[in-house]
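Report on the structure given below.
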Amino acid sequence: MSRKFRTEQLKLSQLNAEVQEELDRVKLQREKIFAPIIWKELPSMNIQITDLKDPKFEEAINLIKENFLDENLLCRNVNLVQDPVSVKSFLDRVRFHLKYRQSLIAFDLEKKEIAGVLLLKTVQKSDCGRIFGRVQMLEGDAFKQVMRFLGQITRKLDIYDYFGVDTYLDYIFPCVKKSYRHKGIGYQLMECGLKVAKAQNCPIVSGIFETHKCQKLAEKIGMKILYKLSYLDWKDEDGEMIFPEPGAGNYFCAVMGGEVTVPPPPPPPPKEEVVEVVQEKKLTRVQRLALMAQDKSKSQKNISLLSPGT
Numbered sequence: 003m004s005r006k007f008r009t010e011q012l013k014l015s016q017l018n019a020e021v022q023e024e025l026d027r028v029k030l031q032r033e034k035i036f037a038p039i040i041w042k043e044l045p046s047m048n049i050q051i052t053d054l055k056d057p058k059f060e061e062a063i064n065l066i067k068e069n070f071l072d073e074n075l076l077c078r079n080v081n082l083v084q085d086p087v088s089v090k091s092f093l094d095r096v097r098f099h100l101k102y103r104q105s106l107i108a109f110d111l112e113k114k115e116i117a118g119v120l121l122l123k124t125v126q127k128s129d130c131g132r133i134f135g136r137v138q139m140l141e142g143d144a145f146k147q148v149m150r151f152l153g154q155i156t157r158k159l160d161i162y163d164y165f166g167v168d169t170y171l172d173y174i175f176p177c178v179k180k181s182y183r184h185k186g187i188g189y190q191l192m193e194c195g196l197k198v199a200k201a202q203n204c205p206i207v208s209g210i211f212e213t214h215k216c217q218k219l220a221e222k223i224g225m226k227i228l229y230k231l232s233y234l235d236w237k238d239e240d241g242e243m244i245f246p247e248p249g250a251g252n253y254f255c256a257v258m259g260g261e262v263t264v265p266p267p268p269p270p271p272p273k274e275e276v277v278e279v280v281q282e283k284k285l286t287r288v289q290r291l292a293l294m295a296q297d298k299s300k301s302q303k304n305i306s307l308l309s310p311g312t
């Protein structure tokens, strides 16, 4: 093997190493750009609260299917899980909300699984007519009953007029996996929703909360009841209650909302001070010697004043 060939081979090897290093750097940057934002860490439970990215959409939807539909007050009372058409329609609606990419998840770092979900969506007044006209295609009798009830309570209060805003962050619903409940994860998710609102400059957060427990969680993060509809008053054409078993303490469904404290913009940077530069006057040799003589005379005078017996 000639020396020239070995030299060229070494150069090629170094070039390949540099190319691989650059590819690794670009890959790392790309991962950082598309990595989920960590809104909060819960080290005692080894859980991170992050935004929900596309790769975990289906896992989140399955979690909702297994842990929400059979326990949610409205869905449970109309036996929604027994209606496959309604289940599909409900989950399609969840999938639509996830496309806004504003929802949060509590992620178990040890088990590598989602522990809880909070569906969020920024709603703008200018988009209401266009969006609702396009997506309100409801299928399934059970799902229609749920949406009819939610539509009624929504129409009773205009969030935009009540708070005088054009946009707000909608808390659609929280859902925590059954094995992770009673650990405060639902509250942590809802509290992090306030951070999302601040990040998106939403002055108001609002949502419809069906149970007393969820209403208390909403109160803890600063929401208040704006309108409520009793389950006893919601009946079908025959006068029968549609939600006959709301559960202990669950007397009404409530629209709740509250203001988000948006931090003020940072103060402007201080103005640069203009420092006037005074050029030192150049002295001649004779002038410098005269100043030195004056300083020497002052120094001798001060010494004589400090000497004892004078």
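In the numbering used here, the protein residues as written are 3 to 312.
Ideal Cβ placement from N, Cα and C applies to all residues, glycine included.
Does residue i come out as helix, strand or coil in the three-state DSSP assignment?
i, result
"I155", "helix"
"V125", "strand"
"F165", "helix"
"L17", "helix"
"M258", "strand"
"D160", "coil"
"Q104", "coil"
"E314", "Outside the displayed range of the chain (3 to 312) lies residue 314, so it cannot be described from this structure."
"L71", "coil"
"V119", "strand"
"Q190", "helix"
"I39", "coil"
"L140", "coil"
"L54", "coil"
"V198", "helix"
"C177", "strand"
"P270", "coil"
"S208", "strand"
"D85", "coil"
Could you check which residue in the options has the C-alpha nearest to that of residue i?
i, options, result
"L44", "A220, L191 and L71", "L191"
"D235", "F254, Q217 and K226", "F254"
"S208", "V125, N79, A117 and F151", "V125"
"D85", "L293, V148, N18 and I40", "V148"
"H184", "K197, A199, C216 and G153", "C216"
"K197", "K101, K114 and L171", "L171"
"K122", "T9, N252 and Q202", "What sits at residue 122 in the sequence shown is Leu, not Lys. Of T9, N252 and Q202, the residue nearest in Cα terms is Q202."
"N64", "V119, I206, L111 and A199", "V119"
"G251", "K237, I161, S232 and V262", "S232"
"Y189", "P205, K101, A220 and L159", "A220"
"G195", "L17, N18, W41 and T9", "W41"
"F59", "P38, L75 and D72", "P38"
Mark residue i as exposed unless 16 or more other C-beta atoms lie within 10 angstroms of its C-beta, in which case mark it buried.
i, result
"S15", "exposed"
"T52", "buried"
"G260", "buried"
"D110", "buried"
"N79", "buried"
"P176", "buried"
"G241", "exposed"
"M258", "buried"
Beta strand (DSSP E) runs wholly inside the region 222-253, at least 3 long, in chain order: Segments of the beta strand (DSSP E) lying fully in the region 222-253: 226-232.
Touching by the beta-carbon criterion (3+ pairs, under 8 Å), the region 99-113 and the region 155-170: no
At least 3 beta-carbon pairs within less than 8 Å: the region 196-215 vs the region 88-96: no
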